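Undergrad: This note's numbering applies: residue -1 is where the sequence shown begins, and numbers increase by one.
Note that the Cβ used here is the ideal one computed from N, Cα and C, for glycine as well.
Given the structure is predicted, the values throughout are model-derived calculations rather than measurements.
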Amino acid sequence: MNLIENLITYNNEKLEFLNEYLAANEMIESMSADQNFTAIRSLVDKKRSMITSIHVIDDKVMFGIKKLKEELGVSDLSELNAENHPELKTLKGISGKVLKQMVQVKTSDEKVSGLISNAFEQLKTNPKLVDKNKMYYYTNSYFDK
């Protein structure tokens, strides 16, 4: 069954992108502690391109599922018998892994968003940190005026 194998391949690709996305979030976590906003921006841009790639894969998966349903004459994939289509077990397994990673991505994104917000707040309250991010360096004497 070529369509099921294609769906397995697409889900494996999506899982790889999700793993890369989580790795980027881990790097952002460490960079937010250092308040390295230039590197954070670069990683956020990288994450955006990954999201675009994931959307393309999602479209392929949805089209593949639609085509598979039409070919087999079913309205839902749960109607298929795994004994007649042994690849379905593999597809279900990889789809489950993808769903778990998506939950981790959501949790990780929420955490990273909070860390970045906190880093910006610290930047606002500690002007000496501004120099790190190629902005103006304020000294204590500036505020004493």
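Taking 8 angstroms as the CB-CB cut-off, is valine 101 touching chain C?
TA: Here chain C cannot be found, since the structure has a single protein chain.
Undergrad: In the DSSP assignment, the alpha helix (DSSP H) including serine 28 goes from what residue to what residue?
TA: Translated into the one-based positions of the sequence shown, residue 28 becomes position 30. Note, serine 28: alpha helix (DSSP H), 0 to 32.
Undergrad: Would isoleucine 2 and leucine 97 qualify as a contact pair, given that the criterion is a beta-carbon distance under 8 angstroms?
TA: Looking up residue 2 in the sequence shown gives position 4. Looking up residue 97 in the sequence shown gives position 99. No, Cβ-Cβ distance for isoleucine 2 and leucine 97 is not below 8 angstroms.
Undergrad: If you compare alpha carbons, which of Ile38, Lys12, Asn4 is closest to serine 111?
TA: Residue 111 sits at position 113 when you count from the first residue of the sequence shown. Minimum Cα distance to serine 111 is reached at Ile38.
Undergrad: Would you tell me roughly how many angstroms separate the C-alpha atoms of asparagine 82 and serine 93, rounded to the nearest one?
TA: Here residue 82 refers to the residue found at position 84 of the sequence shown. Here residue 93 refers to the residue found at position 95 of the sequence shown. So the two alpha carbons sit approximately 19 angstroms from each other.
Undergrad: Between the alpha carbons of phenylalanine 69 and leucine 75, how many angstroms are there, rounded?
TA: By 1-based counting over the sequence shown, the position of residue 69 is 71. By 1-based counting over the sequence shown, the position of residue 75 is 77. The sequence given here places glutamate at residue 69; phenylalanine does not occur at that position. When rounded, the distance between both Cα atoms is 12 angstroms.
Undergrad: Taking the alpha helix (DSSP H) that glutamate 77 falls in, what are its first and last residues?
TA: Translated into the one-based positions of the sequence shown, residue 77 becomes position 79. First-last for glutamate 77: undefined, no H or E at that position.
Undergrad: Is DSSP giving glycine 71 helix, strand or coil here?
TA: Locating residue 71 in the sequence shown gives position 73, counting from the first residue. Correct three-state label for glycine 71: coil.
Undergrad: Whole angstroms are fine: how far does the CA of lysine 58 sit from the CA of lysine 67?
TA: For the purposes of this step, residue 67 is identified with residue 69 of the sequence shown, where counting begins at 1. For the purposes of this step, residue 58 is identified with residue 60 of the sequence shown, where counting begins at 1. Those two C-alpha atoms are separated by around 14 angstroms.
Undergrad: DSSP three-state call for histidine 53: helix, strand or coil?
TA: In the sequence shown, residue 53 corresponds to position 55, counting from 1. Three-state DSSP puts histidine 53 in a helix.
Undergrad: For the pair the stretch 3 to 15 and the stretch 25 to 37, tell me if three or more CB-CB distances fall below 8 angstroms.
TA: no
Undergrad: Using only the alpha-carbon positions, how far apart do glutamine 99 and asparagine 17 sit?
TA: Counting from 1 along the sequence shown, the entry for residue 99 is found at position 101. Counting from 1 along the sequence shown, the entry for residue 17 is found at position 19. Whole-angstrom Cα-Cα distance: 7 angstroms.
Undergrad: Should asparagine 23 be labelled buried (16 or more other beta-carbon atoms within 10 Å of its own) or exposed?
TA: Residue mapping note: residue 23 aligns to position 25 of the sequence shown, counting from 1. With 16 or more other Cβ atoms within 10 Å, it is buried.
Undergrad: For leucine 89 versus leucine 5, is the C-beta distance shorter than 8 angstroms?
TA: Taking the sequence shown and counting its residues from 1, the one referred to as residue 89 is at position 91. Taking the sequence shown and counting its residues from 1, the one referred to as residue 5 is at position 7. A contact, by the Cβ cut-off of 8 angstroms.
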